[in-house]
Amino acid sequence: MHRLPTLLSGIFLVFLTSWLGLVAYPALHLGRLTPVPDPDNGGSFPPTYGGQAIAGQRVYATEGCISCHSQQIRQLSITTSDVDRGWGVRPSVARDYLRDSTAFLGSRRLGQDLSNVGVRRPDAKWHLIHLYHPAAVCEGSVMPCFSHLFLTRKIQGQRADDALNLTGDDAPKEGYEVVPTAEAKNLVAYLLSLRHDYPLPEAPVKKIGATK
Amino acid sequence: MSDHTLPPHHVDSGHEPFDSKAIDASVRLPVIILFGNAIHWLVIGSLLSLIVSVKLIAPGFLGGVSFMTYGRLAPMARDLMLYGWASQAALGAGIWLMARLCGRPLGGEYSGGFGGSLLRTLIISATVLWNLAVLLGTLAILAGYSSGVEWLEYPNWASAMLLLSFLLIGIWAVLLFDRRSTGRAEVAQWYLVAAFCWFPWVYGTANLLLVWKPIQASAQGPIQSWYCGSLLALWLLPVALAGAYALLPRLLGSHLNRRHLATLGFWMLLFLGGWNGMDRLIGGPVPAWMTSAGVVAGVLFLIPIFMVSMNLFGMSRNKTVVEASYPIRFLLMGLYALVIVGVIGALASLPDVSGAVRFTAFTEAKTQLWILGAISLPLFAVLYESLPQLLGRECWSPELTGRHYTLTLVGIAMLVILMLLGGLFTGIALADPTVSFLNITSYSYPFHLMECVAQLLLLIAVLTLGANITRALAGDYLLNKHNGK
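Sequence lines, in order, name chains A and B. Going by the working numbering, the first residue of the first sequence is number -16, and it counts up by one from there. Going by the working numbering, the first residue of the second sequence is number 55, and it counts up by one from there.
(1) If residue 222 (chain B) sits next to residue 177 (chain B), beta carbons under 8 angstroms apart, how far is it from one beta carbon to the other, in whole angstroms?
(2) Which residues in the same chain have their Cβ closer than 6 angstroms to the Cβ of residue 266 (chain B), if we skip the five residues on either side of it in sequence?
(3) Just to make sure I have the definition right: I need the residues of chain A whose C-beta is within less than 7 angstroms of the C-beta of residue 338 (chain B). Which are they?
(4) Mind checking residue 236 (chain B): buried by the 16 CB within 10 Å criterion, or exposed?
(5) Quick one, which residues of the segment 92 to 107 of chain A are near chain B if we go by CB-CB under 9 angstroms, in chain order?
(6) Starting from the Cα of residue 200 (chain B), find the closest Cα among A:182, A:110, A:49 and give me that residue.
(7) Taking CB distances under 8 angstroms as the criterion, tell me whether residue 476 (chain B) reaches chain A.
(8) Taking all protein chains shown into account, do 16 or more other C-beta atoms lie within 10 angstroms of the C-beta of residue 140 (chain A), making it buried, or fewer, making it exposed?
(9) So, for residue 268 (chain B): in the same chain, excluding its five sequence neighbours on each side, which residues have a beta-carbon less than 8 angstroms away from its beta-carbon?
(10) Using alpha carbons as the reference points, say which of B:113, B:99, B:160, B:98 lies closest to residue 75 (chain B).
(11) May I ask you to verify whether the segment 440 to 448 of chain B touches the segment 90 to 97 of chain A, counting CB pairs closer than 8 angstroms and requiring at least 3?
(12) Could you tell me whether any Cβ in chain B is nearer than 8 angstroms to the Cβ of residue 131 (chain A)?
(13) Could you give the DSSP three-state label for residue -8 (chain A): helix, strand or coil?
(14) Below 7 angstroms on C-beta distance, what does residue 14 (chain A) contact in chain B?
(15) What would DSSP say about residue 20 (chain A), mapped onto helix, strand or coil?
(16) Counting along the chain, where does the alpha helix (DSSP H) carrying residue 462 (chain B) start and finish?
(17) Just to make sure I have the definition right: I need the residues of chain A whose C-beta is within less than 9 angstroms of the C-beta of residue 126 (chain B). Which are they?
(18) If you drop the 5 nearest sequence neighbours on each side, which residues of the same chain put their C-beta closer than 8 angstroms to that of residue 64 (chain B)?
(19) Which of the three DSSP states, helix, strand or coil, is assigned to residue 168 (chain A)?
(20) Counting only C-beta atoms, is residue 20 (chain A) closer than 8 angstroms to chain B at any point?
(21) How many angstroms separate the CA atom of residue 333 (chain B) from the CA atom of residue 403 (chain B)?
(22) Are the CB atoms of residue 152 (chain B) and residue 217 (chain B) nearer to each other than 8 angstroms?
(23) Just checking: is the beta-carbon of residue 425 (chain B) within a distance shorter than 8 angstroms of some beta-carbon in chain A?
(24) Could you pull the start and end residues of the beta strand (DSSP E) that residue 159 (chain A) belongs to?
(25) Kindly list the residues whose CB is nearer than 7 angstroms to the CB of residue 145 (chain A), restricted to its own chain and excluding five residues on each side of it in sequence; keep chain order.
(26) So, does the CB of residue 196 (chain A) fall closer than 8 angstroms to a CB anywhere in chain B?
(27) Rounded to a whole number of angstroms, what is the C-alpha to C-alpha distance between residue 33 (chain A) and residue 107 (chain A)?
(28) Can you tell me whether residue 520 (chain B) is helix, strand or coil according to DSSP?
(29) With C-beta atoms as the reference, is residue 66 (chain A) less than 8 angstroms away from residue 184 (chain A)?
(30) Could you tell me which of B:147, B:398, B:422 sits nearest to residue 509 (chain B), measuring between CA atoms?
(31) Roughly how far, in whole angstroms, is the beta-carbon of residue 219 (chain B) from the beta-carbon of residue 187 (chain B), given that I think they are within contact range, below 8 angstroms?
(32) Could one say the Cβ of residue 82 (chain B) lies closer than 8 angstroms to chain A's Cβ atoms, at least one of them?
(33) Inspect the CB distances between the segment 253 to 267 of chain B and the segment 190 to 200 of chain B and report whether three or more fall short of 8 angstroms.
(34) In chain A, which residues lie with their C-beta within 8 angstroms of the C-beta of residue 119 (chain B)?
(35) Taking residue 277 (chain B) as the query, report the chain A residues whose CB atoms sit under 8 angstroms from its CB, ordered along the chain.
(36) Between the alpha carbons of residue 36 (chain A) and residue 127 (chain A), how many angstroms are there, rounded?
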């Protein structure tokens, strides 16, 4: 162990064990998972994302949503609370992330898990107001305002279709409107696409009683 | 602090040993630049950590501006602590320790001539590159160019710069070992060689597969966990332990008993270190065997930690010597922190505990204790020990050093205890689906409030350190000016 080559080979071999198990194995096996066909309508699971949702993933990454939100429902053998809370109908499996560019698994839940936020909150308008001012729709929320993803502008002629219906202190001045930028719309499209309620061979969905 | 605190142990290789003054002269500038910059990033990182924790109790604080949102500031703060502070200080500590332990000046016998100055210019340029990468990477997150991968948020060009800079500096540490004038290698040297070989491998692999050319996302989870675990356990911790193994025996005037324990501890740590991050995946979207591996690795990691601490705590200690030396006290506290990290890690890996506390502040407490305690405290020790020797004079203000020591320990203890308790409460509440999530958020308010106080203490601590080192280096400048006249 006193000569560099001996020490280096030892270090290399020991290090190789975790590298093979946690890098090479996932790359070769999990990295080659493929979608499974959807027997009902000829589509596939996990479903493909639309262009807006794909662009929304970048916004999710750059805004650092992962700092507070996880996207994984844990195995029932470890905890049932993720499913009990209604965050998902079944545990997440590797195949669920197939279509993502980055797996936003997350390590902290300062906010709720988002794996199925599209199922839980299917309304785009709700998401836009929530992003603009979270506490307006969730009293007591500590989520920051993402008002920088919106534009406040003077109404030109008619009020825009996508202008937010804000009330109280959030409402813009008379003659002004708050509209989402493309980034906000993409982010919401991505959030709505987060639905992992389909069955997979390794993660069946039991169709008994809806979750609370 | 005399200059013979770090002599080579055995001089039996037939080479003419260099005296420590010549060695220090060869590494003085790069090491001081690395430490100095590390500390300024530490100050900025601590300030951002404070802002981030205030935002948890007052979400509107500094709100409404894109680049001041929690989602951008939190990763900026974390990355500054990891790359701006810890990794950079580890580079500085590693180079100094390696040169001294190997009894060779940087650049060997050529260190004096043209070749030596060329080499030093190269290394100094590499340190500038490192800091440029940290600065630009941080600004990129701020401006909304984060990669979105935890702990690897820097965009691809910034991480490539960081890796290149590391290679330019790290290669010399390994070459120093190869050409050492001392015979038998010391435990500290094994740790250093291992650490300097690992960082490029770990950082390169993880960036390649997650940021530069992302692999299909279904495979990314284990790689992310492997990276987080390895960065701490296989790069930063080995450098911190090298500091302990190199300095403790000499400062205590004692010697290491049971070398076989050190050997076994070293190899066990290497083996398990890579699996150590797997507790981040317990119950996650990975094959079942990985969950099991995470549980097992989390518990087994206690073994090398106990071996190393038995080894180092086993040395005879003279109470008055310990009381009088801050480097010794920082090192011992760092070891205590490591033992606690091991215990928390083992507990948090147990399936039932993990089920409750993963995703809460409990896990964050462990990460904080890793970075601020087990890694930073020994790095402070190396800093406090090396700078007077590099400058060739006593340079620290004992009052400031004492204040930094006390504030750091109080701050870390407070932060970690609050996070552990807060995490436990949240974990228990989360297990009961009838308690709404917003309700749980309000439970954690008092903990978050007190965490702000802890972060404030830590900020004051690093500002004290900043004042101390500024005073130390400015003293040098004034002294030179005086002598020049």
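Yeah, the Cβ is synthetic: ideal placement off N, Cα and C, and Gly gets one too.
Quick look at the numbers:
(1) For the purposes of this step, residue 222 (chain B) is identified with residue 168 of the second sequence, where counting begins at 1. For the purposes of this step, residue 177 (chain B) is identified with residue 123 of the second sequence, where counting begins at 1. Yes, residue 222 (chain B) and residue 177 (chain B) are in contact; Cβ-Cβ is about 7 angstroms, under 8 angstroms.
(2) Position 212 of the second sequence, counted from the first residue, corresponds to residue 266 (chain B). Once the five neighbours on either side are set aside, the close Cβ partners of residue 266 (chain B) are 210.
(3) Position 284 of the second sequence holds residue 338 (chain B). By Cβ distance, chain A contributes 55, 57, 88.
(4) Residue 236 (chain B) sits at position 182 when you count from the first residue of the second sequence. With 16 or more other Cβ atoms within 10 Å, it is buried.
(5) 92, 93, 94, 95, 96
(6) On the second sequence, position 146 is the one that residue 200 (chain B) refers to. Residue 200 (chain B) has its Cα closest to that of A:49, out of A:182, A:110, A:49.
(7) To locate residue 476 (chain B), count along the second sequence from 1; it is residue 422. So no, residue 476 (chain B) is outside the interface.
(8) On the first sequence, position 157 is the one that residue 140 (chain A) refers to. Per the 10 Å Cβ criterion, exposed.
(9) Working through the second sequence from its first residue, we reach residue 268 (chain B) at position 214. Correct list, in chain order: 274.
(10) Sequence index remark: in the second sequence, residue 75 (chain B) carries index 21 (1-based). Minimum Cα distance to residue 75 (chain B) is reached at B:160.
(11) no
(12) As a working note, residue 131 (chain A) is residue 148 in the first sequence. Answer yes: the Cβ-Cβ gap between residue 131 (chain A) and chain B drops below 8 angstroms somewhere.
(13) As a first step, residue -8 (chain A) is located in the first sequence; it is residue number 9 there, counting from the start. DSSP places residue -8 (chain A) in helix when its eight states are reduced to three.
(14) As a first step, residue 14 (chain A) must be located in the first sequence, where it is residue number 31. The answer, in chain order, is 269, 270, 272, 273.
(15) Residue mapping note: residue 20 (chain A) aligns to position 37 of the first sequence, counting from 1. Three-state DSSP puts residue 20 (chain A) in a strand.
(16) On the second sequence, residue 462 (chain B) is found 408 positions in, with the first residue counted as 1. Segment 452 to 484, the alpha helix (DSSP H) holding residue 462 (chain B).
(17) Taking the second sequence and counting its residues from 1, the one referred to as residue 126 (chain B) is at position 72. Neighbours of residue 126 (chain B) on chain A, chain order: 45, 46, 47, 50.
(18) By 1-based counting over the second sequence, the position of residue 64 (chain B) is 10. Note that residue 64 (chain B) scores a pLDDT of 43, beneath 50, so its modelled location is shaky and nothing firm can be said.
(19) Translated into positions along the first sequence, residue 168 (chain A) becomes position 185. Reduced to three states, the DSSP call for residue 168 (chain A) is helix.
(20) Stepping through the first sequence from its first residue, residue 20 (chain A) is reached at position 37. No, residue 20 (chain A) does not count as interfacial toward chain B.
(21) Counted from its first residue, the second sequence places residue 333 (chain B) at position 279. Counted from its first residue, the second sequence places residue 403 (chain B) at position 349. Taking the straight line joining both Cα atoms gives about 6 angstroms.
(22) By one-based count along the second sequence, residue 152 (chain B) stands at place 98. By one-based count along the second sequence, residue 217 (chain B) stands at place 163. No, Cβ-Cβ distance for residue 152 (chain B) and residue 217 (chain B) is not below 8 angstroms.
(23) Counted from its first residue, the second sequence places residue 425 (chain B) at position 371. Chain A contact via Cβ: absent.
(24) Here residue 159 (chain A) refers to the residue found at position 176 when the first sequence is read from its first residue. 159 to 163 is the extent of the beta strand (DSSP E) around residue 159 (chain A).
(25) Counting from one through the first sequence, the residue named residue 145 (chain A) turns up at place 162. If we look at residue 145 (chain A) and ignore the five residues flanking it on each side, its Cβ neighbours are 162, 163.
(26) Because residue 196 (chain A) is not part of the residues shown, which for chain A are -16 to 195, the question remains open.
(27) Within the first sequence, numbered from 1, the residue matching residue 33 (chain A) stands at position 50. Within the first sequence, numbered from 1, the residue matching residue 107 (chain A) stands at position 124. Rounded to the nearest angstrom, the two C-alpha atoms are 15 angstroms apart.
(28) Indexing the second sequence from 1 puts residue 520 (chain B) at position 466. Three-state result, residue 520 (chain B): helix.
(29) As a first step, residue 66 (chain A) must be located in the first sequence, where it is residue number 83. As a first step, residue 184 (chain A) must be located in the first sequence, where it is residue number 201. Going by C-beta atoms, residue 66 (chain A) is not nearer than 8 angstroms to residue 184 (chain A).
(30) One-based indexing of the second sequence puts residue 509 (chain B) at position 455. Out of B:147, B:398, B:422, B:422 has the C-alpha closest to the C-alpha of residue 509 (chain B).
(31) Within the second sequence, residue 219 (chain B) is the residue found at index 165, counting from 1. Within the second sequence, residue 187 (chain B) is the residue found at index 133, counting from 1. The pair is a contact, with the Cβ atoms about 6 angstroms apart (cut-off 8 angstroms).
(32) Within the second sequence, residue 82 (chain B) is the residue found at index 28, counting from 1. Chain A, which has no Cβ nearer than 8 angstroms to the Cβ of residue 82 (chain B), makes this no.
(33) no
(34) The count along the second sequence starts at 1 and reaches residue 119 (chain B) at position 65. Result: 131.
(35) For the purposes of this step, residue 277 (chain B) is identified with residue 223 of the second sequence, where counting begins at 1. The answer, in chain order, is 5, 6, 9, 10.
(36) In the first sequence, counting from the first residue as 1, residue 36 (chain A) sits at position 53. In the first sequence, counting from the first residue as 1, residue 127 (chain A) sits at position 144. Computed Cα separation, rounded: 22 angstroms.
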